[in-house]
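Each residue of the sequence shown is one higher than the last, beginning at 1 in UniProt numbering.
Here a beta-carbon is modelled for each residue, glycine too, at the ideal position from N, C-alpha and C.
Quantities reported herein were computed from a predicted structural model and do not represent experimental measurements.
In what follows, a structure is listed as structure tokens, so that the remarks can point back to it.
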Amino acid sequence: MNIRRLSWALCLSALVGTAVQAEDKQPNFLIILADDLGYSDITSFGGEINTPNIDSLASEGVRLTNFHAAPTCSPTRSMLMSGTDSHMAGLGNMGELIQPFQRNQPGYEGYLNERVASVAEVLRDGGYNTYTVGKWHLGRTEETSPAARGFDRSYILVQGGASHFDDQFAIIGNDPKAIYRENGKQVSAPEGFFSSQFYTDTMLEYIEQGRSNGKPFFALLSYTAPHWPLHVPDEWLDKYEGRYAAGYEAIRQERLARMKEMGLLPANVEANVPMDGALPSWDQLTDEQKRREARSMELYASMVDNMDHHIGRVIDYLKKTGEYDNTFILFFSDNGADGNNPEDLPGNDVWMKENFDNSLENMGRRGSYIAYGPQWAQVSTAPFPFFKGLTSQGGIQVPAIIRAPQVSQPGTITHEVAHVMDVMPTFLELAGIEQPSGTYNGREVASIEGISMRPILEGKAMPERAIGWELFGRKALRKGDWKITNMNPPYGTAQWQLYNLAEDPTESRDLAARHPEKLAELLKDWEAYVARNNVLMGEFDLRYGFDTCLYDRCFK
Numbered sequence: 001m002n003i004r005r006l007s008w009a010l011c012l013s014a015l016v017g018t019a020v021q022a023e024d025k026q027p028n029f030l031i032i033l034a035d036d037l038g039y040s041d042i043t044s045f046g047g048e049i050n051t052p053n054i055d056s057l058a059s060e061g062v063r064l065t066n067f068h069a070a071p072t073c074s075p076t077r078s079m080l081m082s083g084t085d086s087h088m089a090g091l092g093n094m095g096e097l098i099q100p101f102q103r104n105q106p107g108y109e110g111y112l113n114e115r116v117a118s119v120a121e122v123l124r125d126g127g128y129n130t131y132t133v134g135k136w137h138l139g140r141t142e143e144t145s146p147a148a149r150g151f152d153r154s155y156i157l158v159q160g161g162a163s164h165f166d167d168q169f170a171i172i173g174n175d176p177k178a179i180y181r182e183n184g185k186q187v188s189a190p191e192g193f194f195s196s197q198f199y200t201d202t203m204l205e206y207i208e209q210g211r212s213n214g215k216p217f218f219a220l221l222s223y224t225a226p227h228w229p230l231h232v233p234d235e236w237l238d239k240y241e242g243r244y245a246a247g248y249e250a251i252r253q254e255r256l257a258r259m260k261e262m263g264l265l266p267a268n269v270e271a272n273v274p275m276d277g278a279l280p281s282w283d284q285l286t287d288e289q290k291r292r293e294a295r296s297m298e299l300y301a302s303m304v305d306n307m308d309h310h311i312g313r314v315i316d317y318l319k320k321t322g323e324y325d326n327t328f329i330l331f332f333s334d335n336g337a338d339g340n341n342p343e344d345l346p347g348n349d350v351w352m353k354e355n356f357d358n359s360l361e362n363m364g365r366r367g368s369y370i371a372y373g374p375q376w377a378q379v380s381t382a383p384f385p386f387f388k389g390l391t392s393q394g395g396i397q398v399p400a401i402i403r404a405p406q407v408s409q410p411g412t413i414t415h416e417v418a419h420v421m422d423v424m425p426t427f428l429e430l431a432g433i434e435q436p437s438g439t440y441n442g443r444e445v446a447s448i449e450g451i452s453m454r455p456i457l458e459g460k461a462m463p464e465r466a467i468g469w470e471l472f473g474r475k476a477l478r479k480g481d482w483k484i485t486n487m488n489p490p491y492g493t494a495q496w497q498l499y500n501l502a503e504d505p506t507e508s509r510d511l512a513a514r515h516p517e518k519l520a521e522l523l524k525d526w527e528a529y530v531a532r533n534n535v536l537m538g539e540f541d542l543r544y545g546f547d548t549c550l551y552d553r554c555f556k
């Protein structure tokens, strides 16, 4: 063979090898997790908040209108990390709110336990660089930090929330200092810290520095926005000035109209707002109260907009480095919008009054600590009833978007039912890595309960299954189009209620009396869920999440 022919053959061989490598190349995985973002807040889910970067993911991917999380943050995160139910993974209840009957019981450790294998551990063993920044909320110690659960690099907030500035105030008076850990070691927030910007900077640094080893990456970018306290940099304070002066109902109706136009909701669906008449309407507020309410929502919108801005920086980076087209991006919220009052957290009523300036002029600035309240939260969860902490759809149905090379029909909407437990098995399947079974690294681990979302990527139907929820004694189970719920008064009747979500997605018509056979079928599935996951029942002594008030009126 002459030199020219040999050279041509070698080039052809190299090209074929490159094509095979490209075809077999493991995808990168990027999870962008918002904190307490409502179902209808972002533009691509009907909201008026400016979110062009998140919306670009929707236009190139698929919107999941039936994606479910837990009613609150740490249980969701435990299921995301493990592919199992929160009662198996250690977060049968939030660590801060463990009840006496749950203490020292398996599944209620208050941190991501060793009975599960984490998605970061399994992907790292499968050849991935693994990174996380932002909210962790799955363990306070170095031994329960991301560094001990499979992440090569991490910079995390230990608790469930904190000031978004560098003053390091936490959100609970009984635990007032925010704790940050870098690669497991406790550190202080750097001067000039603002959460969304810093977490983005750090993640981009991790990904860039890891490129030299040629491995794909798994990155969990876990923002603390828009969780209260509502904070934005000064230049973002007035971006939405005047936008919410029309009040709750006007904004809700705007959103509903857009959601129907987009095909997110059937044309006949109206919002279910069970607290109407109990809490003050917009017209019943004083002028001063209207100013404060409108200002709170302005700041919330600015936080979401600011988070979107930083998400855009990540997208730009991936495009510039040539990684965008090989990156599976999942965006979602960890639970429904939060209408609970932070003053109801342990020790907060006095602590907040003594340490923060919540005057109208200082709202949203360093040194303030405000939330946007139950009426705006009910707008954010439109059209669904209630919000974070409850097993109604407003607490567990969250906005989700997948932008990935595996999406067969970009720009589409799916109404297939999916769950946060499905993320880990999806990633492992696409990476070509076997699920842990029985044991992992010498310890016994629970089997993954979630299923792959590959059918959604291919425009196909997901298989029917029974999915259960329990938190604070509030219960629910969904199977296909049918759902049963049991919540304490005033949020429920303390009896099992039955809904057909295909015909009644907002849970407005209880069908338990009309369909006793379907109720009995789902109750049998519920009992199986309880037994399988060691769900404990008992009395709850809590104020947070059990008392919904606005000014001088309460929902009772």
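Between the alpha carbons of residue i and residue j, how many angstroms are there, rounded?
i, j, result
"L318", "N66", "28 Å"
"D152", "R140", "18 Å"
"E121", "R149", "6 Å"
"F386", "Q378", "6 Å"
"N486", "T493", "7 Å"
"Q168", "N355", "13 Å"
"Q289", "L330", "38 Å"
"V314", "A70", "27 Å"
"D36", "T72", "8 Å"
"D305", "P52", "9 Å"
"residue 558", "F217", "Outside the displayed span of the chain (1 to 556) sits residue 558, for which this structure offers no information."
"G247", "S302", "17 Å"
"E143", "G83", "21 Å"
"S56", "S44", "9 Å"
"N358", "P455", "48 Å"
Let's see if you can read the secondary structure: which residues bound the beta strand (DSSP E) around residue i?
i, result
"L33", "N28 to A34"
"P399", "Q397 to R403"
"A219", "F217 to S222"
"P176", "D175 to K177"
"T478", "Position check: residue 478 holds Arg in this sequence, whereas Thr was assumed. Unbroken beta strand (DSSP E) run through R478: R474 to K479."
"T330", "The sequence as given places Leu at residue 330; Thr does not occur at that position. L330 -> beta strand (DSSP E) spans T327 to S333."
"Y529", "Unbroken run through Y529 is the alpha helix (DSSP H), P516 to N533; no beta strand (DSSP E)."
"V119", "Premise fails: V119 lies in the alpha helix (DSSP H), V119 to D125, not in any beta strand (DSSP E)."
"R181", "Y180 to E182"
May I ask you to report which of helix, strand or coil DSSP gives residue i?
i, result
"N486", "strand"
"F427", "helix"
"V420", "helix"
"V158", "coil"
"F169", "strand"
"W469", "strand"
"Y544", "coil"
"T76", "helix"
"D283", "helix"
"N348", "helix"
"Y39", "coil"
"I370", "coil"
"E293", "helix"
"M81", "helix"
To which residues of the same chain is residue i closer than 6 Å at the C-beta, ignoring the five residues directly before and after it?
i, result
"Q495", "none"
"residue 557", "Any property of residue 557 remains undetermined from this structure, which presents the chain solely from 1 to 556."
"E109", "G90"
"S508", "N272"
"Q21", "With a pLDDT of 38 at Q21, under the threshold of 50, the modelled position of that residue is not reliable, and the figure given next carries that caveat. None."
Between residue i and the rest of its own chain, which residues show a CB-CB distance below 8 Å, the 5 nearest in sequence each way excluded?
i, result
"K260", "P266, A267 and V269"
Counting only beta-carbon atoms, is residue i nearer than 7 Å to chain B?
i, result
"G210", "Going by chain labels, chain B is absent from the structure shown, which holds only one protein chain."
Less than 7 Å separating the beta-carbons of residue i and residue j?
i, j, result
"E68", "Q435", "A quick correction: the sequence has His, not Glu, at residue 68. No; because the gap between Cβ atoms is not below 7 Å, this pair is not in contact."
"Q105", "N93", "no"
"residue 577", "M88", "This structure cannot settle anything about residue 577, because the visible part of the chain is limited to 1 through 556."
"A219", "L30", "yes"
"S452", "E470", "no"
"R115", "A337", "no"
"S195", "H164", "yes"
"I323", "N28", "The sequence shown places Glu at residue 323, not Ile. Yes, Cβ-Cβ distance for E323 and N28 is below 7 Å."
"V62", "M424", "no"
"A461", "K479", "no"
"L123", "T130", "yes"
"T381", "Y39", "yes"
What residues in its chain sit with their C-beta under 7 Å from that of residue i, if we drop five residues either side in the sequence?
i, result
"W351", "G173 and P176"
Residue range of the alpha helix (DSSP H) that residue i falls in?
i, result
"I251", "Y248 to M262"
"F101", "No alpha helix (DSSP H) contains F101, which DSSP labels as neither H nor E."
"T381", "No alpha helix (DSSP H) holds T381; DSSP gives it neither H nor E."
"F198", "S195 to G210"
"I54", "P52 to E60"
"K185", "Taken as a continuous stretch (DSSP letters only), K185 belongs to no alpha helix (DSSP H), being part of the beta strand (DSSP E) at K185 to V187."
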